[in-house]
Amino acid sequence: MNSLAFPRYSSPVTRSSSSSPTSPPPVLSAHIKVPPISRRAASRHLRVAKNLSRTVAMAAVAPASSAKEVLPPSLTSSSEPPPLFDGTTRLYVAYHCPYAQRTWITRNYKGLQDKIKIVGIDLADRPAWYKEKVYPENKVPSLEHNNQVKGESLDLVKYIDTNFEGVALLPDDSEKKQFAEELITYTDAFNQALYSSIVSKEDVSAEAVAALDKIEADLAKFNDGPFFLGQFSLVDIAYVPFIERFQIFFSDIKKYDITKGRPYLQKFIEEVNKIDAYAETKQDPQFLLEHTKKRLGVRHLQLSAWSV
Ligand SMILES: N[C@@H](CCC(=O)N[C@@H](CS)C(=O)NCC(=O)O)C(=O)O
C-alpha cells in the first residue's frame, strides 16, 4: 500500500544515513549545552540510552539517504539579530520545541527549504531583540513573511500550507476536512491529558489511556493509508511531535508502551518515520527526556537512571 496517496513531495533534503535518531544531529551538538558529567553518570547514560533506543526502535526506521540540511546554531542573548524585514522569510524555532517542530515539518514537507530560512533561538538565553523586534509574544515558533510576523503553530501550519507552493496538506474531501478540524481542535486536550499523567505520581491515568485510545480509533477511521486522514496531512503534523515525545516519556517515566495493544498507532509511528521532512526534525530522545523532566519537575520521582 502506498501510504502517501497525495502527490508525494520528494524532499531535496534527506536524512543522513550515518546519523541515528538516538544520537544528536551533529549541528545540534554544537549548540545544545550539555553539562559535564562524571564517568559513572556517563556510562549510566549510555546504558539507559541503549534501552531507550530499543524502546523507541520503531522511531528509528528513517530510511538511509543522502545529505542532511545543515541547521544554523541557535541565536543567544549575545547574537546580533538577522537583517529583519529585508524580504527574507524566516521561521524562528527552538530545535527541541514541539510547537516549532510542527511548522518546521510543514516547511520541509512542502519543499520550502530555499524559501523559508530557519532561525534557531536559544530559549534559555533568549536574545532581547526577539521580543522587542520580532515577536512580542516572545515564543517560538514565529514566521517573518511579507513584513509581518505571525505566531501560533497550528495557525502557521495552515498559513504555510495556504500561502506557499508545494504539496497540499489538506485533502479536498469534505468529510476528511471536517474530521481534520475536529482532530486539530482535540490536540490541546490530548496533550493536556498525557502531560498531566506524566507529572502525576500515580500510574498512567485513565484520562491518558482514554486519549490514546481515542487517537487509536481516529487512526482507524480511514483505510486508505496509515495516517489520520488516510494520507499524510497537517493533522499528522499537529500530532507527531507530541506522539514522539509521549512515546519516549511514558516508556521511561511510567514504563508504559503507548503502542501496546494499539496497532494503528504503532503503524502510524512506523510510517511517519519514513518521511524525511519529519525525520530530519527529530531530536535526541535523551535530550528531550532530560529537558522535559527538568521543565515538568518530574526529576524528583527517581523513576529511572536519568534522575542523576
Ligand atoms: N501555543 C503556542 C505555544 C508555543 C510555545 O509555548 N512555545 C514554547 C517553546 S516549546 C515557548 O516559546 N516558550 C517560551 C516562553 O513561554 O517563554 C504555539 O502553538 O505556537
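Take the sequence shown: its position 276, counting from 1, is numbered 256 in our numbering, and each next residue is one higher.
We put the CB at the ideal spot given by N, CA and C, even for glycine.
It should be emphasised that the depicted structure is a prediction, and the values quoted were computed from it without experimental measurement.
Who sits around ligand 1, taking every residue whose Cβ is closer than 5 Å to one of its heavy atoms?
Cys77, Tyr79, Lys119, Val120, Glu132, Ser133
Using a Cβ-Cβ cut-off of 8 Å (strictly less than) and excluding sequence neighbours within five positions of Ile101, which residues of its own chain qualify?
Sequence index remark: in the sequence shown, residue 101 carries index 121 (1-based). Ser54, Leu55, Tyr72, Val73, Ala74, Pro107, Tyr110, Val120.
Would you please state the rounded distance, in angstroms, between the beta carbons of Phe65 and Asn127? I believe it to be under 8 Å.
As a working mapping, residue 65 is identified with position 85 in the sequence shown. As a working mapping, residue 127 is identified with position 147 in the sequence shown. Contact flag correct, Cβ pair sits at about 5 Å.
Would Arg82 pass as a contact of Val137 if the rule is Cβ separation under 7 Å?
Here residue 82 is taken as the residue at index 102 of the sequence shown, counted from 1. Here residue 137 is taken as the residue at index 157 of the sequence shown, counted from 1. In this structure, Val137 lies closer than 7 Å to Arg82 by Cβ.
Measure from the alpha carbon of Val114 to the alpha carbon of each residue in Glu60, Leu163, Ala104, then state which is nearest.
For the purposes of this step, residue 114 is identified with residue 134 of the sequence shown, where counting begins at 1. For Val114, the nearest C-alpha among the options comes from Glu60.
So who's on the other strand from Thr69, going by DSSP bridges?
Walking along the sequence shown from the start, residue 69 turns up at place 89. DSSP output for Thr69 lists Ile96 as bridge partner(s).
What distance in whole Å lies between the Cβ atoms of Pro206 and Glu251, which are believed to be in contact at a cut-off of 8 Å?
Within the sequence shown, the letter at position 271 stands for residue 251. Within the sequence shown, the letter at position 226 stands for residue 206. Between Pro206 and Glu251 the Cβ distance is about 4 Å, and since that is below 8 Å, they are a contact.
Go through its chain and collect everything with a Cβ distance to Ile12's Cβ below 6 Å, but skip five positions before and after it.
Counting from one through the sequence shown, the residue named residue 12 turns up at place 32. Any reading at Ile12 must be qualified, since the residue scores a pLDDT of 33, below 50, and its modelled position is unreliable; no value is offered.
May I have the straight-line CA-CA distance separating Ile96 from Leu51, to the nearest angstrom?
As a first step, residue 96 is located in the sequence shown; it is residue number 116 there, counting from the start. As a first step, residue 51 is located in the sequence shown; it is residue number 71 there, counting from the start. One C-alpha to the other measures close to 13 Å.
Name the residue from Glu49, Ile249, Ala191 whose alpha carbon lies nearest to the alpha carbon of Glu224.
Here residue 224 is taken as the residue at index 244 of the sequence shown, counted from 1. Out of Glu49, Ile249, Ala191, Ile249 has the C-alpha closest to the C-alpha of Glu224.
Hey, could you find the ends of the beta strand (DSSP E) Ser177 is sitting in?
Walking along the sequence shown from the start, residue 177 turns up at place 197. No beta strand (DSSP E) holds Ser177; the alpha helix (DSSP H) holding it covers 154 to 179.
Let me know if Gln172 comes out buried or exposed under the rule of 16 or more other beta-carbons within 10 Å of its beta-carbon.
Here residue 172 refers to the residue found at position 192 of the sequence shown. By the 10 Å Cβ count, Gln172 comes out exposed.
For Leu103 and Glu145, what's the separation of their Cα atoms in angstroms?
Taking the first residue of the sequence shown as position 1, residue 103 is located at position 123. Taking the first residue of the sequence shown as position 1, residue 145 is located at position 165. In a straight line, the C-alpha of Leu103 is about 30 Å away from that of Glu145.
Ordered along the chain, which non-local residues of its own chain (more than five positions away) have a Cβ less than 8 Å from that of Asp141?
Counting from one through the sequence shown, the residue named residue 141 turns up at place 161. Contacts found: Thr86, Lys90, Ala148, Leu149, Leu150, Leu214.
Name the DSSP beta bridge partners of Glu124, please?
To locate residue 124, count along the sequence shown from 1; it is residue 144. Per DSSP, Arg70, Val129.
Can you tell me which of Pro221, Asp183, Phe170, Ser180 puts its alpha carbon nearest to the alpha carbon of Asp198?
The sequence position of residue 198 within the sequence shown is 218, counting from 1. For the residues Pro221, Asp183, Phe170, Ser180, the minimum Cα distance to Asp198 belongs to Phe170.
Specify, as a first and last residue, the run of the alpha helix (DSSP H) that Ala257 falls within.
On the sequence shown, position 277 is the one that residue 257 refers to. Element bounds for Ala257: 256 to 259.
Alpha carbon to alpha carbon, how far is Glu182 from Pro62?
For the purposes of this step, residue 182 is identified with residue 202 of the sequence shown, where counting begins at 1. For the purposes of this step, residue 62 is identified with residue 82 of the sequence shown, where counting begins at 1. Cα-Cα distance, rounded: 46 Å.
Around the Cβ of Ala200, are there at least 16 other Cβ atoms within 10 angstroms (buried) or fewer (exposed)?
Along the sequence shown, one-based indexing puts residue 200 at 220. By the neighbour-count rule (16 or more Cβ atoms within 10 Å), Ala200 is not buried but exposed.
Which value, in whole angstroms, describes the spacing of the CA atoms of Ile238 and Trp84?
Position 258 of the sequence shown, counted from the first residue, corresponds to residue 238. Position 104 of the sequence shown, counted from the first residue, corresponds to residue 84. Going from the Cα of Ile238 to the Cα of Trp84 covers about 25 Å.
Based on DSSP bridge pairs, tell me the residues matched to Leu55.
Looking up residue 55 in the sequence shown gives position 75. DSSP output for Leu55 lists Ile101 as bridge partner(s).
If you follow the alpha helix (DSSP H) that Phe229 is in, where does it begin and where does it stop?
Working through the sequence shown from its first residue, we reach residue 229 at position 249. First-last of the alpha helix (DSSP H) with Phe229: 214 to 229.
What's the gap between the Cα of His125 and the Cα of Leu268?
The residue given as residue 125 occupies position 145 in the sequence shown. The residue given as residue 268 occupies position 288 in the sequence shown. When rounded, the distance between both Cα atoms is 30 Å.
Roughly how many angstroms lie between the CA atoms of Ser154 and Leu192, to the nearest whole one?
The sequence position of residue 154 within the sequence shown is 174, counting from 1. The sequence position of residue 192 within the sequence shown is 212, counting from 1. Each residue's Cα considered, the two are about 25 Å apart.
Based on Cα-Cα distance, which residue from Ile255, Ile98, Thr261 lies nearest to Gln211?
Counting from 1 along the sequence shown, the entry for residue 211 is found at position 231. Nearest of Ile255, Ile98, Thr261 to Gln211, Cα basis: Ile255.
Which residue marks the beginning of the alpha helix (DSSP H) containing Lys88, and which one marks its end?
To locate residue 88, count along the sequence shown from 1; it is residue 108. Note on residue identity: the sequence assigns Asn, not Lys, to residue 88. Run containing Asn88: 78 to 89, per the alpha helix (DSSP H) assignment.
From Thr69 to Val220, what does the alpha carbon distance come to, in whole angstroms?
Residue mapping note: residue 69 aligns to position 89 of the sequence shown, counting from 1. Residue mapping note: residue 220 aligns to position 240 of the sequence shown, counting from 1. One C-alpha to the other measures close to 25 Å.
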